[in-house]
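In this note's numbering, the protein residues as written are 24 to 232.
In this text, a Cβ means the ideal position worked out from N, Cα and C, and glycines have one as well.
The structure displayed is predicted, hence computed values, not measured ones.
Notes to accompany the following structure.
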């Protein structure tokens, strides 16, 4: 039986990191990038094309792998700009990730290899979880957030919408971070912070943008 087709929004590092997870359950038919200089480049035999390709594959599922520490706060706006109906977005879980049957994952969310998401954890729409991250029980990761590789998020933590948690960081149980928070690599977050903060260090402290 043929795999369902998939169009990938984004053709940079996130797409490469996710390639095995995407291919495990789908046939990738196109990567989308707005840079004309990249059109025609190939990723594992699949062409990078302009966003008009979405109309060439009207029945294909879509996943958005756009966003970095520089652009994370605009992910919602960027993804909405493609005009893709919510029902077209696929939820992707790498075969070597462990996601509890009691966990909840939103539309367009992607969980990569080695990640662990146990009971009662909730991930919103368009959340990206990079490899070997652990998100403990009752944690909530709100829509459009990116969680880097090797992150440990303890129980009952809440990460606000459109946030970015850098690789190797740890977040203490019960902590709340407001929307559009940026947690630097290897930071150790031991208390709650409001929205639009930049956190660095051990223990994490707020740094001006």
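Give me the Cα-Cα distance between residue i and residue j, rounded to the nearest whole angstrom.
i           : j           : result
residue 80  : residue 42  : 19 angstroms
residue 62  : residue 31  : 14 angstroms
residue 83  : residue 29  : 5 angstroms
residue 57  : residue 40  : 20 angstroms
residue 215 : residue 131 : 27 angstroms
residue 72  : residue 33  : 10 angstroms
residue 223 : residue 25  : 46 angstroms
residue 161 : residue 210 : 21 angstroms
residue 170 : residue 187 : 6 angstroms
residue 142 : residue 67  : 35 angstroms
residue 38  : residue 182 : 23 angstroms
residue 54  : residue 64  : 10 angstroms
residue 231 : residue 221 : 7 angstroms
residue 94  : residue 100 : 10 angstroms
residue 126 : residue 192 : 22 angstroms
Skipping 5 residues on each side, what residues in its chain have a beta carbon closer than 6 angstroms to that of residue i?
i           : result
residue 36  : none
residue 96  : 185 and 203
residue 128 : 114 and 146
residue 219 : 203
residue 179 : 161, 196 and 197
If you drop the 5 nearest sequence neighbours on each side, which residues of the same chain put their C-beta closer than 7 angstroms to that of residue i?
i           : result
residue 177 : 159, 194, 195 and 196
residue 138 : 120, 152, 154, 155 and 156
residue 111 : 84 and 85
residue 107 : 77 and 85
residue 242 : The first residue shown for the chain is 24 and the last is 232, placing residue 242 beyond what the model contains.
Rounded to whole angstroms, how far is the Cβ of residue i from the Cβ of residue j, which I believe are closer than 8 angstroms?
i           : j           : result
residue 121 : residue 135 : About 12 angstroms; that fails the 8 angstroms criterion.
Taking the alpha-carbon of residue i as reference, which of the options has the nearest alpha-carbon?
i           : options             : result
residue 173 : 140, 109 and 95     : 140
residue 189 : 60, 70 and 151      : 151
residue 51  : 142, 94 and 87      : 87
residue 49  : 104, 93, 175 and 69 : 69
Suppose the cutoff is 8 angstroms on Cβ atoms and the five residues either side in sequence are ignored; what does the same chain contact list for residue i look like?
i           : result
residue 213 : 195, 198, 226 and 227
Are there 16 or more other CB atoms within 10 angstroms of the CB of residue i, so buried, or fewer, so exposed?
i           : result
residue 104 : exposed
residue 229 : exposed
residue 98  : buried
residue 90  : buried
residue 168 : buried
residue 217 : exposed
residue 44  : buried
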